[in-house]
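Heads up: the structure comes next, in structure tokens.
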Amino acid sequence: MPKHRLNFLKTLIHVAIPLLLTSVIFFAKAPPDPALAPPAPAPPCRPDALAAPDDDRLRARHVPILLYHLVSPLDVATSVTAEAFEAQMRLLRDAGYASVSVDALVAAAEGRGMLPERPVAITFDDGWACQYTVAAPILERYGFHATFYLVTGVIGAGRSFLSWAQCRELVAAGHGIGSHSLDHPFLTQLAPAARERELVESKRRLEQALGIEVNTLAYPYGAFDGATVALARKAGYLDAVAVHPGRRQADPCFALERIPVPHGESLDRFRASLGLSRVPASATLGPCAKPSSPASCPS
Ligand SMILES: [Zn+2]
């Protein structure tokens, strides 16, 4: 063998091969380069978030939220008769609807819960006594729950309004409770401090008296603006219902649109208001009258 080739072999044996072995041992033991390592698994989601498919977040935006006031024989725009209310609940049941609370609806919209196949939210404003004496038994008969928005200043103020004991029974029966302010003012016309008091104090009184968390608000007369939404958020509400035109607002969970069910509405029009038929929905109804108005629930 020529000498230069012999020297090359010696170099290979004494230098290159140990260097190669050393490299193999080093890289076998070295910690993996984070840049080259496969991505770490994502932190586990909250179980309730996992339970909510995106589909429900989208569906939640289109769930009808019905708005009632009085369920009585009174011939006023904000009253439906017991017979009409029962026919409407029967229609909902026969059409396969399941009731959800407003809070559950918002939870689904935010990916924190699931919706039934055909959800509807049923709401009552003002805290009239007939909501307990007339509407609640009909709701129970058809397996529905509602969300009752209470004006705390009139609870227990005579036979026309719910008593605290009746409110507690509604809670025990599984219904939801929301604030409808202390005194039913136009919140948008109040000074900031008075507006904040209406939101904070009504929530506090309901929570204290009923032993529940109150997360939802109904604006009196459906009137709200950006400052009212900001104060409602600050007060700890998670959502708020209006009447019209909720979906155009920037903060949809604080401007949920409701469908008022007016006096004398035919079943065809009720069905249309839910999108179940092409019959035009009836003319719109004003948000609500001040609860101290002469209208009252016959006992
Ligand atoms: Zn009202």
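Numbering (our numbering), first residue to last: 8 to 306. By construction, the Cβ of each residue, glycine as well, lies at the ideal position given by its N, Cα and C atoms. Please read these numbers as outputs of a predicted model, since none were measured by experiment.
heavy atom of ligand 1 below 7 Å from residue i C-beta
i, result
"His270", "no"
"His2", "This structure leaves residue 2 out entirely; the chain is present only between 8 and 306."
"Pro227", "yes"
"Asp132", "yes"
"His6", "Because the chain here runs from 8 to 306, residue 6 falls outside it and cannot be looked at."
"His152", "no"
"His187", "yes"
Presumed contact (8 Å Cβ cut-off) between residue i and residue j, rounded CB distance
i, j, result
"Val250", "Pro267", "6 Å"
"Leu217", "Ala239", "Rounded, the Cβ-Cβ distance is 19 Å, inconsistent with contact."
"Phe231", "Asp246", "With 8 Å as the limit, Phe231 and Asp246 do not qualify as a contact, their Cβ atoms being about 12 Å apart."
"Val221", "Ser188", "About 12 Å separates the two Cβ atoms, so there is no contact after all."
Bounding residues of the beta strand (DSSP E) (the contiguous stretch that carries residue i)
i, result
"Thr85", "Note, Thr85: premise wrong, no beta strand (DSSP E); not H, not E."
"Ser280", "Ser280 -> not in any beta strand (DSSP E); alpha helix (DSSP H) instead, spanning 274 to 280."
"Leu157", "154 to 157"
"Leu73", "72 to 75"
"Ser186", "183 to 186"
Unbroken alpha helix (DSSP H) run spanning residue i, endpoints
i, result
"Ser209", "199 to 217"
"Pro126", "It is not in any alpha helix (DSSP H) - Pro126 instead sits in the beta strand (DSSP E) that spans 126 to 132."
"Leu146", "143 to 148"
"Leu112", "109 to 116"
"Leu5", "In the structure as shown, the chain starts at 8 and stops at 306, and residue 5 therefore has no counterpart that could be examined."
CB contact below 8 Å: residue i versus chain C
i, result
"Arg100", "The structure shown has no chain C; it contains just one protein chain."
Practice prompt. Decide if the region 118 to 134 is in contact with the region 145 to 156; the criterion is three or more beta carbon pairs, one per stretch, under 8 Å apart.
Written response: yes
Discussion item. Counting beta carbon pairs with one atom in the region 168 to 180 and one in the region 202 to 210, are three or more of them shorter than 8 Å?
Written reply: They do not touch, by the three-pair rule.
Fill in: beta strand (DSSP E) runs contained entirely in the region 218 to 259, provided each spans 3 or more residues
223 to 225, 246 to 248
Practice prompt. Spell out a yes or no on whether the region 138 to 148 and the region 82 to 100 are touching, meaning 3 or more CB-CB pairs, one atom from each, closer than 8 Å.
Written response: yes
Worksheet item: Do the region 113 to 127 and the region 177 to 186 meet, that is, are 3 or more Cβ pairs less than 8 Å apart?
Response: They do not touch, by the three-pair rule.
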